[in-house]
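Protein chains: 2
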Amino acid sequence: MVSARGLDVLRVIVQDYVATREPVGSKSIVERHSFGVSAATIRNDMVLLEDEELITAPHTSSGRVPTDKGYRVFVDQLADLRPLTSAQRQAIESFLGQADDLDDVLARTVRMLSQLTNSVALVQYPSLATARVRHIELVPLGASRIMTVFITDSGRVEQRLIDVLEPLDDVFLGEMRAKLNSALNGQSLPEAAERLANFADIFAAERQAVVSQVASSLVEQVLANRHDKLVLAGTANLARTEQDFSGSIFPVLEAIEEQVTLLRLFGEMQVTSGSVSTRIGRENAEFGLEETSVVTGGYSSSGGDVARLGVLGPTRMDYSNNMAAVRAVARYLSRLLEEN
Amino acid sequence: MVSARGLDVLRVIVQDYVATREPVGSKSIVERHSFGVSAATIRNDMVLLEDEELITAPHTSSGRVPTDKGYRVFVDQLADLRPLTSAQRQAIESFLGQADDLDDVLARTVRMLSQLTNSVALVQYPSLATARVRHIELVPLGASRIMTVFITDSGRVEQRLIDVLEPLDDVFLGEMRAKLNSALNGQSLPEAAERLANFADIFAAERQAVVSQVASSLVEQVLANRHDKLVLAGTANLARTEQDFSGSIFPVLEAIEEQVTLLRLFGEMQVTSGSVSTRIGRENAEFGLEETSVVTGGYSSSGGDVARLGVLGPTRMDYSNNMAAVRAVARYLSRLLEEN
DNA sequence: ATTGGCAGTCGAACGGATTGAGTGCCAATC
DNA sequence: GATTGGCACTCAATCCGTTCGACTGCCAAT
Numbered sequence: 034m035v036s037a038r039g040l041d042v043l044r045v046i047v048q049d050y051v052a053t054r055e056p057v058g059s060k061s062i063v064e065r066h067s068f069g070v071s072a073a074t075i076r077n078d079m080v081l082l083e084d085e086e087l088i089t090a091p092h093t094s095s096g097r098v099p100t101d102k103g104y105r106v107f108v109d110q111l112a113d114l115r116p117l118t119s120a121q122r123q124a125i126e127s128f129l130g131q132a133d134d135l136d137d138v139l140a141r142t143v144r145m146l147s148q149l150t151n152s153v154a155l156v157q158y159p160s161l162a163t164a165r166v167r168h169i170e171l172v173p174l175g176a177s178r179i180m181t182v183f184i185t186d187s188g189r190v191e192q193r194l195i196d197v198l199e200p201l202d203d204v205f206l207g208e209m210r211a212k213l214n215s216a217l218n219g220q221s222l223p224e225a226a227e228r229l230a231n232f233a234d235i236f237a238a239e240r241q242a243v244v245s246q247v248a249s250s251l252v253e254q255v256l257a258n259r260h261d262k263l264v265l266a267g268t269a270n271l272a273r274t275e276q277d278f279s280g281s282i283f284p285v286l287e288a289i290e291e292q293v294t295l296l297r298l299f300g301e302m303q304v305t306s307g308s309v310s311t312r313i314g315r316e317n318a319e320f321g322l323e324e325t326s327v328v329t330g331g332y333s334s335s336g337g338d339v340a341r342l343g344v345l346g347p348t349r350m351d352y353s354n355n356m357a358a359v360r361a362v363a364r365y366l367s368r369l370l371e372e373n
Numbered sequence: 034m035v036s037a038r039g040l041d042v043l044r045v046i047v048q049d050y051v052a053t054r055e056p057v058g059s060k061s062i063v064e065r066h067s068f069g070v071s072a073a074t075i076r077n078d079m080v081l082l083e084d085e086e087l088i089t090a091p092h093t094s095s096g097r098v099p100t101d102k103g104y105r106v107f108v109d110q111l112a113d114l115r116p117l118t119s120a121q122r123q124a125i126e127s128f129l130g131q132a133d134d135l136d137d138v139l140a141r142t143v144r145m146l147s148q149l150t151n152s153v154a155l156v157q158y159p160s161l162a163t164a165r166v167r168h169i170e171l172v173p174l175g176a177s178r179i180m181t182v183f184i185t186d187s188g189r190v191e192q193r194l195i196d197v198l199e200p201l202d203d204v205f206l207g208e209m210r211a212k213l214n215s216a217l218n219g220q221s222l223p224e225a226a227e228r229l230a231n232f233a234d235i236f237a238a239e240r241q242a243v244v245s246q247v248a249s250s251l252v253e254q255v256l257a258n259r260h261d262k263l264v265l266a267g268t269a270n271l272a273r274t275e276q277d278f279s280g281s282i283f284p285v286l287e288a289i290e291e292q293v294t295l296l297r298l299f300g301e302m303q304v305t306s307g308s309v310s311t312r313i314g315r316e317n318a319e320f321g322l323e324e325t326s327v328v329t330g331g332y333s334s335s336g337g338d339v340a341r342l343g344v345l346g347p348t349r350m351d352y353s354n355n356m357a358a359v360r361a362v363a364r365y366l367s368r369l370l371e372e373n
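Residue numbers (the numbering used here), protein chains in the order written: chain A, 34 to 373; chain B, 34 to 373.
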């Protein structure tokens, strides 16, 4: 079994390897850290760590490198989440504070996060699941073409075009708008969808066809909170850490471009507002991201909804820093969004 | 001076180099193309081309590689824009045809373009310069917080939050909404801004402060068509052509992430709807993109506005194909947007 | 349990020889 | 004057052998 000192050895191996990108040997450990024992002793500990598959040697006679499992133990047991410096906190406050609408807040957040971590940063838009309908607008764009705009109390705006079956005059549009708003205002999205199902019934028979067309388009729009979005920044940081990927960074870039993939990945990660969770290396294999790790945290918006944000980078990343940054940014973002 | 055959030689040098990424020598030219002359003759032509700085040899005794100037001549005089295959045309039609709103159209366009060219594709949102106001909506989000939504006839929706000076009740909001719409509907954006300047005058004195707050926020929103957006796809393709960049692809990725840079770049390129223009290599130096080329074309939307789309890739790109693809996609997109 | 010592391993770095694609030049030819 | 074959020359790329150095693993002593 691995001794307490053994774990310390693992910790410094992770730290040094992350810092230098070079396999770390017993000798360099004793001279860089004060373990009070000799290199030979460290070597003995390393054999045990290797037996447990926490570290591995790229080739005989080279230093050791953490395995995915080693990183996992580090993250779960050894990492100290050093809090951000006050300069960093201040940067977050002042930079995010200036934002005006939701888009802007999230855009600033994702940039901030990628700067703090030197990694790719991701922020998911707040889910609409518990949001409530604030307003519905119908805008004529032509004789038989209207735009539906749909606004939630979390400040999200969704729009969509419909080619309607028959021309609609302004008066009728006004009537429909008023009825829609009085029927749906304040409803949660699932409730709203339900009410829309037989919304056409309250109209004159000859209008029901076109009304139910509009209504069913709205239902789609309301339920398409699968239409989840996320914003992303700091892709260039991947190129900086290129050497950390076996082949090229091509597959990583490709996976990142596919927002659906990232959303699935986010979806699989446990989300508890306020704490962070991690996926390391091959744990992400199903997404083509077996050489990357992802650190995510949940943040909550006014609706009480929990959405995710996080960073993605090479497995050899600075977990302590990144976990701290994700946690701090998530908390700050929650506070900012709940104020409203 | 360079003979006609000399230009033919330049053409095949560009073509072969683009195809193989290897400096091309006189011998490989005569055996791969039927020039009807010997390698020595080609060599003579090549020294002339080199005198004109159209090609260069990476080192003594290696084949030749086009210079930026060589690519320029190729693009301006030698490239044959081979039309797309019918399969490609069909792919465009069927893929873009399914789109529903403007966001979706542009998202599909940019993906399509990046697939057709194996490059990074960019599509600028249609400018609002000649768009007209279709509808203005004021939505209460809290006692003293409202969202302004602003819809143009080109189908663009802009929203913004305002913290108003004093609480506004629904009745008054309704009045303001009605007056705003009757004052602004159908106006072009500069006209709208003008009318907003003294919009507050038609309200009761005690309301003018808050009204003019809302109005001036709307003016900002209306005039912020500098708030140009663009969408982007195919970043991963850069990694595939990594060897074409001297150092790493880091600076390129960095420049691409900065949308402002790209918009400035777009802004400097001549735009004539229907034709394409090119910027090659060091012509983009001011943007940190001295190792890339950009091919852009203009497309026009319903408002008659011209916006840009294009592709960006290593200087060693397939200009013939990319110019053809940009032109075809731009035309198709124009047609699609003008239908509405 | 810890330690110093020592043989052994293996990648990285260096240097020299070889190879081959390609050039430049020149005298001969059409 | 343009074209051609021939030839010496250059230089990156490749291969091969050596050296170097940072490690490890093991063992006997503490």
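All C-beta atoms, glycine included, are put in the ideal place defined by N, C-alpha and C.
Only a predicted model underlies this, so the values are computations on that prediction, with no experimental measurement involved.
Identity of the residues DSSP links to I332 of chain B by a beta bridge: In the sequence as displayed, the identity of residue 332 of chain B is Tyr instead of Ile. Answer is B:A340, bridged to Y332 of chain B.
Can you give the beta carbon distance from A211 of chain A to R228 of chain A, rounded, assuming they're within the 8 Å contact cut? In fact, because the Cβ distance is near 15 Å, the residues do not count as touching under 8 Å.
Could you check which residue in B:L87, B:A272, B:P56, B:D203 has the C-alpha nearest to that of V153 of chain B? B:A272
By how many angstroms is the C-alpha of R144 of chain B removed from the C-alpha of F128 of chain B? 10 Å
Does the beta carbon of M79 of chain B come closer than 8 Å to any beta carbon on chain A? no
Between the region 191-207 of chain A and the region 197-214 of chain B, do three or more beta carbon pairs fall short of 8 Å? no
So, is Q123 of chain A buried or exposed, given that buried needs 16 or more other C-beta atoms within 10 angstroms? exposed
Can you give me, in chain order, the residues of the region 304-327 of chain A that have a beta carbon less than 9 Å from any beta carbon in chain B? none
Cutoff 8 Å: A272 of chain A Cβ touching any chain B Cβ: yes
Please state whether DSSP places A154 of chain A in a helix, a strand or coil. strand
8 Å Cβ shell around Q246 of chain A - same chain, five flanking residues per side excluded: I195, V197, L198
Any idea what DSSP makes of A37 of chain B, helix, strand or coil? helix
According to a CB-to-CB cut-off of less than 7 Å, which residues of the region 192-223 of chain B neighbour chain A? Q192, R193, L194
For the candidate residues A:A90, A:A358, A:G307, A:L322, whose alpha-carbon lies nearest to that of I313 of chain A? A:L322
Got a sec, what are the start and stop residues for the beta strand (DSSP E) T185 of chain A sits in? 178-185
Simplified DSSP assignment, three categories, for Q192 of chain B: strand
Going by C-alpha distance, which of B:A357, B:I179, B:A363, B:T348 is nearest Y104 of chain B? B:T348
Hey, is S281 of chain A's beta-carbon within less than 8 Å of any beta-carbon in chain B? yes
I'd like the span of the beta strand (DSSP E) that includes R167 of chain A, first residue to last. 166-175
Which residues in the same chain have their Cβ closer than 7 Å to the Cβ of A233 of chain B, if we skip the five residues on either side of it in sequence? Q241, V244, S245, A248
Strictly under 8 Å for the Cβ-Cβ distance: is I169 of chain B near chain A by that measure? no
When you compare the CB positions of V190 of chain B and V182 of chain A, do they come within less than 8 Å of one another, or not? yes
Which residues in the same chain as V108 of chain B place their Cβ atom closer than 8 Å to its Cβ, once the five residues preceding and following it in sequence are excluded? T311, I313, Y352, M356
Report the partner residues of A52 of chain A according to the DSSP bridge assignment. None, per the DSSP bridge assignment.
Run through DSSP, which three-state label would R259 of chain A get? Residue confidence is low: R259 of chain A scores 49 on pLDDT, short of 50, so the model does not pin down where it sits. Its coordinate-derived value is still stated next. R259 of chain A: helix per DSSP, three-state reduction.
Residue of A:I46, A:T53, A:D78, A:Q48 minimising C-alpha distance to M34 of chain A: A:D78
CA-to-CA distance, A318 of chain A to Q148 of chain A, given in whole angstroms: 26 Å
Taking I289 of chain A as the reference, give the member of A:G280, A:K102, A:L263 with the closest Cα. A:L263
Tell me the DSSP secondary structure of L265 of chain A in three-state form. strand
Once you ignore the five residues that flank T274 of chain B on each side, which residues in its own chain have a CB closer than 6 Å to its CB? P347
Residues of the region 124-143 of chain B in Cβ contact with chain A at a cutoff of 7 Å, in chain order, please. D133, D134
Distance, S308 of chain A Cα to S367 of chain B Cα: 48 Å
Are three or more beta carbon pairs between the region 63-72 of chain B and the region 275-282 of chain B nearer than 8 Å? no
For L81 of chain A and N151 of chain B, the rounded distance between their alpha carbons: 49 Å
For E275 of chain A and chain B, any beta-carbon pair shorter than 8 Å? yes
Out of curiosity, what's the CA-to-CA distance linking L222 of chain B and H168 of chain B? 12 Å
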